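Chemist: This is the structure I have questions about; it appears just below.
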Amino acid sequence: MLKQHSELSMSIRRTIENNKEAGIRPSKTYQSFVAAAGGHRELNFIEKDVRNYITREVRNVSEQEDAKEFGRAAFEYFGDVISFDTTYNTNRYNLVCGSFVGVNHHGQSTLLGCSLMKNEEIESFKLLFQCWLCCMGGNAPKGFLTDQCASMKRALEACMPTIIHRWFIWHIMKKIPSKLNGYKGHAEIEQEMSQVVWNSHSKDSFDNFHTVIPCATKSSIEAQFQDVYTHQKFRVVQAQFRRKANCITRLTNSALGYSVYEVGEQVSSLIFNKFVVTYDSVATEVKCQCLLFESRGILCRHALSVLSFEQVTQVSPRYILERWSKKVKRQHTHIKSSHNEPLLEPRSKRFDELVFCSQNICKFTSELEELTAILHCAYDTIMVEMEELKAKRKGTSSLSHKDANLESVNEFQSPPRIRTRGRPKIG
Numbered sequence: 001m002l003k004q005h006s007e008l009s010m011s012i013r014r015t016i017e018n019n020k021e022a023g024i025r026p027s028k029t030y031q032s033f034v035a036a037a038g039g040h041r042e043l044n045f046i047e048k049d050v051r052n053y054i055t056r057e058v059r060n061v062s063e064q065e066d067a068k069e070f071g072r073a074a075f076e077y078f079g080d081v082i083s084f085d086t087t088y089n090t091n092r093y094n095l096v097c098g099s100f101v102g103v104n105h106h107g108q109s110t111l112l113g114c115s116l117m118k119n120e121e122i123e124s125f126k127l128l129f130q131c132w133l134c135c136m137g138g139n140a141p142k143g144f145l146t147d148q149c150a151s152m153k154r155a156l157e158a159c160m161p162t163i164i165h166r167w168f169i170w171h172i173m174k175k176i177p178s179k180l181n182g183y184k185g186h187a188e189i190e191q192e193m194s195q196v197v198w199n200s201h202s203k204d205s206f207d208n209f210h211t212v213i214p215c216a217t218k219s220s221i222e223a224q225f226q227d228v229y230t231h232q233k234f235r236v237v238q239a240q241f242r243r244k245a246n247c248i249t250r251l252t253n254s255a256l257g258y259s260v261y262e263v264g265e266q267v268s269s270l271i272f273n274k275f276v277v278t279y280d281s282v283a284t285e286v287k288c289q290c291l292l293f294e295s296r297g298i299l300c301r302h303a304l305s306v307l308s309f310e311q312v313t314q315v316s317p318r319y320i321l322e323r324w325s326k327k328v329k330r331q332h333t334h335i336k337s338s339h340n341e342p343l344l345e346p347r348s349k350r351f352d353e354l355v356f357c358s359q360n361i362c363k364f365t366s367e368l369e370e371l372t373a374i375l376h377c378a379y380d381t382i383m384v385e386m387e388e389l390k391a392k393r394k395g396t397s398s399l400s401h402k403d404a405n406l407e408s409v410n411e412f413q414s415p416p417r418i419r420t421r422g423r424p425k426i427g
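What follows is the structure, encoded as structure tokens:
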């Protein structure tokens, strides 16, 4: 007859967990049980039970805890600007799925948290943001991108008052056709709108948002950063160097190591845009009027042109961001895993403590038959007392359940359908 799958004892489960952490294969673990029992017939479980336990219990707990640690570590590197999107409904009940997304050093999206929300009210967003901040160690990002939502805005002001809150650019561009219907029929209006959205030179928005990344050139500066940054970001910065060829640099003022330049960029055969760039040779700091560096983290072609004019061969360390570096990948993997510190349930911890304490007793009593007999007698007495106590507690628990008022039991029901924000879509 085939063996019936039975529940594994606590001792068996702890041995499986320890062997899993030590990297021992399930087949070897099962063979050790066979050898200890004196044969396959002496065991009431099979090798598949061992594998199922690892998949169902050990691995699931490890992956869940490691995912939390990985998310926190990822936030430390890529949590400067977070995108929070609630445009997805999960099912027929319209439960809102919110996702916290960052951008890693390869320019790829990195999930830093997600949630299911019953509604999109202020209190719901407050609770969500507070829980997320707690999971991320209480550190708020520098910037937060969302769609246009008054509830979300007020919740962010309450939970993260120091961050810079901006709307998604795609959300703005999507709203333009409906708000300015027919503007696409006029090419000059469309061009001006694109210029305002993508190349606005407003200053106040970025004064306190200092992000820095290295630049890449075809000079000695390139040698400084070529091996440091990921290919994705290296290509993005290099695009600015290619456009630097269209810039003409002219010194307008200079005093005590502080220079002011006017950089003219030819954007077409007849159009030149002018930008003011300042360079401090003492602080080795360069800043351009276009603020591309402050807004997108990319050193602009105008600043690069000034650096070439000043014959700068090495970029200041302040322009080296670790988040864009290749070494982030190596450091990012140094996450404390549950394999290093097992996350045990209380029962497992008590079991391990008792086994550890009993080893010394067993070692001492096994030396003489008289000592062994005393331990057996004490063991039988203790087992009777513990079984009586357990039965007494079980009886009390059963009685309390019988006396419970059945009308007070809450039944789980389907959640109500959630009404989405804004006016319902037609068609």
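Residue numbering for the sequence shown follows UniProt numbering, starting at 1 and increasing by one per position. All C-beta atoms in this analysis are idealised placements derived from N, C-alpha and C, irrespective of residue type, glycine included. As the structure is a computational prediction, the values presented were derived from the model and not from experiment.
Can you give the Cα-Cα distance for residue 337 and residue 246, rounded to whole angstroms?
Modeler: At residue 337 the pLDDT is 49, less than 50, meaning the model places this residue with poor confidence and gives no usable figure here.
Chemist: Hey, residue 37 and residue 43: beta-carbon distance below 8 Å or not?
Modeler: yes
Chemist: Evaluate residue 227 with the Cβ neighbour count: other Cβ atoms within 10 Å of its Cβ, from every protein chain shown; 16 or more gives buried, anything less gives exposed.
Modeler: exposed
Chemist: Assuming residue 277 contacts residue 261 under a Cβ cut-off of 8 Å, what Cβ separation, rounded to an integer in Å, is found between them?
Modeler: Between residue 261 and residue 277 the Cβ distance is about 5 Å, and since that is below 8 Å, they are a contact.
Chemist: Classify residue 74 as buried or exposed, calling it buried when 16 or more other Cβ atoms lie within 10 Å of its own Cβ.
Modeler: buried
Chemist: So, are the CB atoms of residue 112 and residue 103 less than 8 Å apart?
Modeler: Residue 112 places its beta carbon 8 Å or farther from that of residue 103.
Chemist: One question on the structure: do residue 71 and residue 85 come within less than 8 Å of each other, judged by their Cβ atoms?
Modeler: no
Chemist: Quick one: what does DSSP say residue 320 is sitting in, helix, strand or coil?
Modeler: coil
Chemist: Out of curiosity, what's the CA-to-CA distance linking residue 370 and residue 362?
Modeler: 13 Å
Chemist: Given 8 Å as the limit, is there contact between the stretch 153-166 and the stretch 119-126, that is, 3 or more CB pairs closer than that?
Modeler: By the Cβ rule, the stretch 153-166 counts as touching the stretch 119-126, because three or more pairs are nearer than 8 Å.
Chemist: In whole angstroms, give me the CA-to-CA distance for residue 393 and residue 383.
Modeler: Taking C-alpha positions only, residue 393 is separated from residue 383 by approximately 15 Å.
Chemist: Does DSSP put residue 24 in a helix, a strand or coil?
Modeler: coil
Chemist: Out of 232, 28, 388 and 23, state which residue places its alpha-carbon closest to the alpha-carbon of residue 105.
Modeler: The shortest Cα separation from residue 105 among 232, 28, 388 and 23 belongs to 232.
Chemist: So, do the stretch 296-307 and the stretch 44-54 have three or more beta carbon pairs nearer to each other than 8 Å?
Modeler: no
Chemist: What is the DSSP secondary structure of residue 103, reduced to helix, strand or coil?
Modeler: strand
Chemist: What is the C-beta distance between residue 240 and residue 304, in whole angstroms, given that I count them as a contact (C-beta under 8 Å)?
Modeler: 6 Å
Chemist: Report the rounded CA-to-CA distance for residue 222 versus residue 172, giving the unit in angstroms.
Modeler: So the two alpha carbons sit approximately 36 Å from each other.
Chemist: Out of 148, 174 and 175, point me to the one whose CA is closest to residue 166's CA.
Modeler: For the residues 148, 174 and 175, the minimum Cα distance to residue 166 belongs to 148.
Chemist: Look up residue 166 in the DSSP assignment and give the residues it is bridged to.
Modeler: Residue pairing from DSSP places residue 166 in a beta bridge opposite 145.
Chemist: Please classify residue 373: is it buried, with 16 or more other beta-carbons within 10 angstroms of its beta-carbon, or exposed?
Modeler: exposed
Chemist: Pull up the CB-CB distance for residue 138 and residue 163, whole angstroms please, since I reckon it's below 8 Å.
Modeler: Not confirmed; about 13 Å, so no contact.
Chemist: Alpha carbons only, please: which of 47, 230 and 140 is nearest the one belonging to residue 325?
Modeler: 230
Chemist: Of the residues 220, 358, 290 and 251, which one's Cα is nearest the Cα of residue 313?
Modeler: When each option's Cα is compared against that of residue 313, the closest is 220.
Chemist: Can you give the Cα-Cα distance for residue 170 and residue 145, rounded to whole angstroms?
Modeler: 11 Å
Chemist: Using CA coordinates, which residue listed in 249, 19, 380 and 390 is at the minimum distance from residue 311?
Modeler: 249
Chemist: Would residue 351 and residue 10 qualify as a contact pair, given that the criterion is a beta-carbon distance under 8 Å?
Modeler: yes
Chemist: Anyone know if the C-beta pair for residue 295 and residue 14 falls short of 8 Å?
Modeler: no
Chemist: Who are the near neighbours of residue 464 in its chain, counting only those whose CB is closer than 7 Å to its CB and skipping five residues on each side?
Modeler: No answer is possible for residue 464: it lies beyond the span of the chain, which begins at 1 and ends at 427.
Chemist: Buried or exposed: where does residue 49 fall if 16 or more other Cβ atoms within 10 Å of its Cβ makes it buried?
Modeler: buried
Chemist: Kindly give me the distance between the Cβ atoms of residue 27 and residue 47, rounded to whole angstroms, as I take these residues to be in contact under 8 Å.
Modeler: 6 Å
Chemist: How would you write the range of the beta strand (DSSP E) that residue 154 sits in, first residue to last?
Modeler: It is not in any beta strand (DSSP E) - residue 154 instead sits in the alpha helix (DSSP H) that spans 150-159.
Chemist: Whole angstroms are fine: how far does the CA of residue 30 sit from the CA of residue 388?
Modeler: 35 Å
Chemist: Specify, as a first and last residue, the run of the beta strand (DSSP E) that residue 266 falls within.
Modeler: 258-266
Chemist: Taking all protein chains shown into account, do 16 or more other C-beta atoms lie within 10 angstroms of the C-beta of residue 386, making it buried, or fewer, making it exposed?
Modeler: exposed
Chemist: Just the Cα atoms here: how many angstroms apart are residue 21 and residue 292?
Modeler: 49 Å
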